[in-house]
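Taking our numbering, I'd label the letters of the sequence shown as residues 3 to 247.
Cβ coordinates follow ideal geometry from the N, Cα and C atoms, glycine included.
Predicted, not measured: the structure shown is a model, and the values here were computed from it.
One structure below.
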Amino acid sequence: MLTDGQRARFEELGTNLDVVERRITAACEAAGRARDEVTLIVVTKTYPAEDSALLAALGVTDVAENRDQDAAPKAELCRNLPLEWHFVGQLQTNKVRSVVRYANRVHSVDRLRLAGSLSSAVLASGRSELGCLVQVALDKEAGAGEGRAGVAPADVEALADAIADAPGLRLDGVMTVAPLAGPLAGDPAAAFGRLAEISTAVRASHPAATMVSAGMSGDLEQAVAAGATHVRVGTAVLGVRSPLG
């Protein structure tokens, strides 16, 4: 049985999910795409495991986290729920062993050393293959974005090849966040269009790497129009986040 507070949160989440679902459906219709071509990943960072459980009860199948110290205990609490866990944050190599215990996919692979660490951790754990996406920093194409997570577009194919060749890893596709700098800043439609071009180039060598992870609460329509297969939505479902301590 749910408490009154849990019931209210359940209803709030359900209402928000309905709104997001209508947005995705409308975006798919406008792009001439089938609704089942786009998977909603709810970004649950900073929210408690209880919310993840309520989301699962509402039919959500995919959730995302960006900090291992928050994600690991949450995933453990929710281990019996039918949820796929996506790690979307910048990942330090000292967190890799923990992340491979629960993540079904890591969207933020942006350097060769990280790919090697993930491969070693997967092999040591004995788990099944880990899905990996190359995180693309579109602003780095214009010489901006120094210090930001993600690999420059010119370096995507080399990293994709390395992931595909790494034991225990599976190259699933590419991911980006709309850039804050460079000529594509403030133009998510153009940014996601560029990611689609990069995805096409990757698939020429790796046909199974069909995932395109792009779009968040404010720009999911542009992402769907550009061919995103997965949209990462947090605020529109869970509400405005509390600041992290």
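For residue 63 against residue 53, the beta-carbon gap comes to about 15 angstroms, at or over 8 angstroms, which does not count as contact.
Note that the segment 212-231 touches the segment 175-191; at least 3 beta-carbon pairs, one per stretch, sit closer than 8 angstroms. Residue 107 sits in a strand when the DSSP states are folded into three classes.
The shortest C-alpha to C-alpha distance from residue 38 to any of 32, 49 and 26 is the one to 26. With a contact defined as Cβ atoms closer than 8 angstroms, residue 67 and residue 73 qualify at about 3 angstroms. Within a 10 Å sphere around the beta-carbon of residue 162 sit 16 or more other beta-carbons, which makes this residue buried. Residue 237: not part of any beta strand (DSSP E); member of the alpha helix (DSSP H) spanning 237-240, first to last residue. A direct Cα-Cα distance of roughly 8 angstroms separates residue 127 from residue 102. Counting along the chain, residue 46 sits inside no beta strand (DSSP E), nor does DSSP assign it H or E at all.
The segment 193-205 makes contact with the segment 153-168: 3 or more CB pairs, one atom from each, lie closer than 8 angstroms. Taken atom to atom, the span from the alpha-carbon of residue 225 to that of residue 29 is near 9 angstroms. For residue 105, the closest C-alpha among the options 197, 8, 124 and 239 is that of 124. Taking the CA atoms as reference points, residue 10 sits about 40 angstroms from residue 186.
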